[in-house]
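What follows is one structure encoded as structure tokens, with my remarks underneath.
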Amino acid sequence: MDYIARFGLEFNPFLKNSKEILVENEETHEVRFRLNYLVETKGFGLLTGSPGLGKTTALRSFAASLNPSRYKVVYSSLSTLTVQEFYRLLASSFGAEPASRKIDNFKLIQSWNPANPRPPEGRACPHGQGRPRY
Numbered sequence: 278m279d280y281i282a283r284f285g286l287e288f289n290p291f292l293k294n295s296k297e298i299l300v301e302n303e304e305t306h307e308v309r310f311r312l313n314y315l316v317e318t319k320g321f322g323l324l325t326g327s328p329g330l331g332k333t334t335a336l337r338s339f340a341a342s343l344n345p346s347r348y349k350v351v352y353s354s355l356s357t358l359t360v361q362e363f364y365r366l367l368a369s370s371f372g373a374e375p376a377s378r379k380i381d382n383f384k385l386i387q388s389w390n391p392a393n394p395r396p397p398e399g400r401a402c403p404h405g406q407g408r409p410r411y
């Protein structure tokens with residue numbers, strides 16, 4: 278059955294990430310509210326849910342709505358990072374040379390300023406052009 282023609286659809290909505298459609302409903306409004314709260318409080322969050330519920334689409338939509346001169350979005354698909362590895366990933370993503378101690382990486386992250394994206398505290402990223410290496 279050609280359900281695209283039958284139901285007057287513009288594309289196949291069942292394909293993975295099909296045009297990154299975000300269905301606006303009570304749940305997506307709640308996700309956006311909570312993500313806005315994290316932005317306002319400079320917090321960390323964790324978004325969980327069953328496969329196919331739109332977590333990635335909601336996060337991509339929210340990230341696209343942020344002012345890139347004020348915010349830097351860092352994505353990691355690794356779910357088993359330790360706190361130290363997480364801080365090192367963030368420091369590297371900001372163009373800094375990750376420190377060996379957790380507290381030093383935390384300070385690097387806290388001192389990063391998106392309006393002046395030079396590596397924090399003048400620590401250059403040795404692998405070129407301030408781009409993170411993974």
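This note's numbering puts the first residue of the sequence shown at 278, with every later residue one more than the last.
Cβ coordinates follow ideal geometry from the N, Cα and C atoms, glycine included.
The model shown is predicted, which means the values in this text are computed figures rather than measured ones.
Item, Value
"Can you grab the Cα-Cα spacing for the pair N302 / V308, in whole Å?", "10 angstroms"
"Taking the alpha helix (DSSP H) that T318 belongs to, which residues open and close that run?", "303 to 318"
"Look at the Cβ atom of L312, then the Cβ atom of G326, and state whether they are nearer than 8 angstroms.", "no"
"Report the residue from E374, K349, L366, A373 whose alpha carbon sits nearest the alpha carbon of S356.", "L366"
"Could you tell me the distance, in whole angstroms, from the CA atom of K319 to the CA atom of N344?", "15 angstroms"
"Quick one: grab the DSSP three-state call for N382.", "helix"
"Decide if F284 is buried, meaning its Cβ has at least 16 other Cβ atoms within 10 Å, or exposed.", "exposed"
"Can you give the beta carbon distance from T359 to A335, rounded, assuming they're within the 8 angstroms contact cut?", "In fact, because the Cβ distance is near 27 angstroms, the residues do not count as touching under 8 angstroms."
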